[in-house]
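Q: Protein chains in written order, with my numbering: chain X, 1 to 173; chain E, 1001 to 1264.
Mind having a look at this structure? Questions to follow.
This is how it looks when you write it as structure tokens:
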């Protein structure tokens, strides 16, 4: 009797172990992130930051006031500025900008736009021949992020040293 | 008396010895991470003594103790221990003396804000001989020098947002130190020095204790004549002080001038 009970307990343990080792089915990871498609639509400028890159690079600090970075969103009516990216057949087509009373964040009023990389873009080129403007993307509005961030860097024309930068944050309308 | 003289001589000998022991030496004696300097090292008494050539092996932030603000890095001349490159070769500076010229931020590809100190050793090209480590040698901090009238950012082009600051406590005259700023007057000039348009006076706001400012985009407010360009601007703050009878009196700060930097 003891032997039967022992064999039964071994068998039950074996079944339990085998069942526990049954592989889980792979769950779906969802659709691929569509970084390009996420740019589609109208975006309003909601935050502008200006950085003294030389002060930042040198680690300058001053107790009285921030001398590396300034939030200039409300210094001028930047929030008037809107940009619309249109698509045609799933690819970038036209754009329009509505500056309102905002400073000229982007000087072109309309034209065509393109990307440096269709899957993982870093630079948007705005074209209204013969003028072009290049926008550096800081963050895509994907994976829970709702804002589009672009950056503008300004370098000394002689030395090439980075001196001033602007960070623009847009919110989807 | 003899004893006193002996002690004095002993002290003198000690300090002379200490001075001689200053090794390595630096020229200039102090430097920031952006300054070029030359170090000279005497390797007498080390395994590198008597060698006909020497190579530097150099590293940053030896005293940072893992502080992530000061990451430790090898100099770009540290390629392979067993085969130092020509860029690491030191210059003979006398018997058992070697020198090397460098700029910290270039050598370590680190910003001045990331550089606290450096250390180095002297080695044979193939790494078969080496001196002890020499460290740490500290970079002078780069220091922001505030002024009563200053702009943010420090370098701007004509189409940048320029914030004009007035810090009352740094002002030179009693009137400026007591002034309650209300406006700032901006005047633009072209490359010939000719004034562009009329000066603009805009309201200021208090940005911090004793600091007032206003912002302007010069190119949106001033247009140079055809064939000319905006080259520089001047600004001064206007406000009031109370006179002896408590009545507000108009005062103006000194004026400062800034050249535009061509940015692209």
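Heads up, the beta-carbon is just placed ideally off N, CA and C, and yes, glycines get one too.
#1: Could you please give the first and the last residue of the uninterrupted beta strand (DSSP E) stretch that includes residue 1108(E)?
#2: At which residues does the beta strand (DSSP E) containing residue 1238(E) begin and terminate?
#3: Suppose you measure from the CA of residue 1021(E) to the CA of residue 71(X); what does that come to, to the nearest Å?
#4: Would you report the Cα separation of residue 1226(E) and residue 1191(E), rounded to the nearest angstrom?
#5: Express the C-alpha separation of residue 1252(E) and residue 1035(E) in angstroms, rounding to a whole number.
#6: Is residue 1212(E) buried or exposed, if buried means 16 or more other CB atoms sit within 10 Å of its CB?
#7: Give me the subset of the stretch 1117–1149 of chain E whose CB atoms are less than 9 angstroms from a CB atom of chain X, sorted by chain position.
#8: Please tell me whether, using a cut-off of 8 angstroms, the distance from the CB of residue 1117(E) to the nearest non-hydrogen atom of the ligand GTP is below it.
#9: Run through DSSP, which three-state label would residue 1264(E) get?
#10: Among 1263(E), 1048(E), 1055(E), which one has its Cα closest to the Cα of residue 162(X)?
#11: What is the C-beta distance between residue 1157(E) and residue 154(X), in whole angstroms, given that I count them as a contact (C-beta under 8 angstroms)?
#12: Taking only runs that begin and end inside the stretch 1112–1197 of chain E, name each unbroken beta strand (DSSP E) of 3 or more residues, in chain order.
#13: Please look up how many angstroms separate the CB atoms of residue 1097(E) and residue 1173(E), rounded, as I've assumed it's under 8 angstroms.
#14: Grab me the residues of residue 118(X)'s own chain with a C-beta within less than 7 angstroms of its C-beta, minus the 5 sequence neighbours each way, in chain order.
#15: Under DSSP, the alpha helix (DSSP H) around residue 52(X) begins and ends at which residues?
#16: Sort 1235(E), 1046(E), 1233(E) by Cα distance to residue 1130(E) and report the nearest one.
#17: Go ahead and label residue 61(X) buried or exposed: buried means 16 or more other beta carbons lie within 10 angstroms of its beta carbon, across all protein chains shown.
#18: Could you tell me the alpha carbon to alpha carbon distance between residue 1186(E) and residue 1235(E), rounded to whole angstroms?
#19: Does residue 1153(E) pass the burial test, meaning 16 or more other C-beta atoms within 10 Å, or should it be called exposed?
#20: Excluding five sequence neighbours on each side, which residues of the same chain lie with their C-beta closer than 7 angstroms to the C-beta of residue 124(X)?
#21: Please work out which residues of its chain come closer than 8 angstroms, Cβ to Cβ, to residue 1257(E), disregarding the five sequence neighbours upstream and downstream, and give them in chain order.
#22: Is there a Cβ from chain X that is less than 9 angstroms from the Cβ of residue 1103(E)?
#23: Quick one: what does DSSP say residue 1203(E) is sitting in, helix, strand or coil?
#24: Compute the distance between the beta-carbons of residue 39(X) and residue 102(X), then report whether it is under 9 angstroms.
#25: Please report the straight-line C-alpha distance between residue 1221(E) and residue 1142(E), rounded to a whole angstrom.
#26: Taking the alpha carbon of residue 1134(E) as the point to measure from, which residue in 1122(E), 1090(E), 1145(E), 1144(E) has its own alpha carbon closest?
#27: Using 10 angstroms around the beta-carbon of residue 6(X), count the other beta-carbons present and answer buried if the total reaches 16, otherwise exposed.
#28: Roughly how far, in whole angstroms, is the beta-carbon of residue 1240(E) from the beta-carbon of residue 1250(E), given that I think they are within contact range, below 8 angstroms?
#29: Is DSSP giving residue 37(X) helix, strand or coil here?
#30: Go ahead and label residue 1042(E) buried or exposed: buried means 16 or more other beta carbons lie within 10 angstroms of its beta carbon, across all protein chains shown.
#31: At the level of alpha carbons, what is the spacing between residue 1050(E) and residue 1120(E)?
#32: Mind pulling the beta strand (DSSP E) runs of 3 or more residues that sit fully within the stretch 76–114 of chain X?
#33: Quick one: is residue 1188(E) buried, meaning 16 or more other Cβ sit within 10 Å of its Cβ, or exposed?
#34: Which residues mark the beginning and the end of the alpha helix (DSSP H) in which residue 1220(E) is found?
#35: If the criterion is Cβ atoms closer than 9 angstroms, does the pair residue 1224(E) and residue 1196(E) meet it?
A: According to the structure shown:
#1: From DSSP, residue 1108(E) is part of no beta strand (DSSP E) but of the alpha helix (DSSP H) over 1104–1108.
#2: Under the DSSP assignment, residue 1238(E) falls in the beta strand (DSSP E) whose first and last residues are 1230–1242.
#3: Its pLDDT being 47, under 50, residue 1021(E) is placed unreliably in this model, and the value from its coordinates should be taken loosely. Taken atom to atom, the span from the alpha-carbon of residue 1021(E) to that of residue 71(X) is near 52 angstroms.
#4: In a straight line, the C-alpha of residue 1226(E) is about 12 angstroms away from that of residue 1191(E).
#5: Between residue 1035(E) and residue 1252(E), the alpha-carbon positions lie close to 39 angstroms from each other.
#6: The residue in question, residue 1212(E), is buried, as its Cβ has 16 or more Cβ neighbours within 10 Å.
#7: Taking 9 angstroms as the upper bound on Cβ-Cβ separation, chain X lies near residues 1141, 1142, 1143, 1144, 1146 of the stretch 1117–1149 of chain E.
#8: In terms of ligand content, the structure shown is empty, and the ligand GTP therefore cannot be addressed.
#9: Residue 1264(E): coil per DSSP, three-state reduction.
#10: Ranked by how close their Cα comes to the Cα of residue 162(X), the residues 1263(E), 1048(E), 1055(E) have 1263(E) in first place.
#11: 7 angstroms between Cβ atoms; contact.
#12: Segments of the beta strand (DSSP E) lying fully in the stretch 1112–1197 of chain E: 1117–1123, 1134–1138, 1149–1152, 1162–1167, 1180–1190.
#13: Contact annotation, residue 1097(E) with residue 1173(E): C-beta distance approximately 54 angstroms; criterion of less than 8 angstroms not satisfied.
#14: If the five residues before and after residue 118(X) are omitted, its C-beta is found closer than 7 angstroms to the C-beta atoms of 36, all from its own chain and listed in chain order.
#15: For residue 52(X), no alpha helix (DSSP H) segment is defined; the enclosing uninterrupted segment is the beta strand (DSSP E) at 41–52.
#16: Nearest C-alpha to residue 1130(E): 1046(E).
#17: It is exposed - the Cβ of residue 61(X) has fewer than 16 other Cβ atoms within 10 Å.
#18: Straight-line Cα distance between these residues: approximately 4 angstroms.
#19: A buried status is given to residue 1153(E), since no fewer than 16 other beta-carbon atoms sit within 10 Å of its beta-carbon.
#20: These residues qualify, in order along the chain: 113, 115, 135, 137.
#21: The answer, listed in chain order, is 1232, 1233, 1234.
#22: Cβ-Cβ to chain X under 9 angstroms: no for residue 1103(E).
#23: The answer is strand: DSSP assigns residue 1203(E) an E or B state.
#24: Not a contact, by the Cβ cut-off of 9 angstroms.
#25: Going from the Cα of residue 1221(E) to the Cα of residue 1142(E) covers about 35 angstroms.
#26: Residue 1134(E) has its Cα closest to that of 1122(E), out of 1122(E), 1090(E), 1145(E), 1144(E).
#27: Flag for residue 6(X) reads exposed.
#28: That pair is a contact at about 6 angstroms.
#29: Secondary structure of residue 37(X) (DSSP, three-state): helix.
#30: Label assigned to residue 1042(E): buried.
#31: Looking at the two C-alpha atoms, the distance is approximately 19 angstroms.
#32: Taken in chain order, the whole beta strand (DSSP E) runs of length 3 or more contained in the stretch 76–114 of chain X are 82–88, 91–98.
#33: Taking all protein chains shown into account, residue 1188(E) has 16 or more neighbouring C-beta atoms within 10 Å of its C-beta and is therefore buried.
#34: That run of the alpha helix (DSSP H) goes 1218–1221.
#35: Yes; because the gap between Cβ atoms is below 9 angstroms, this pair is in contact.
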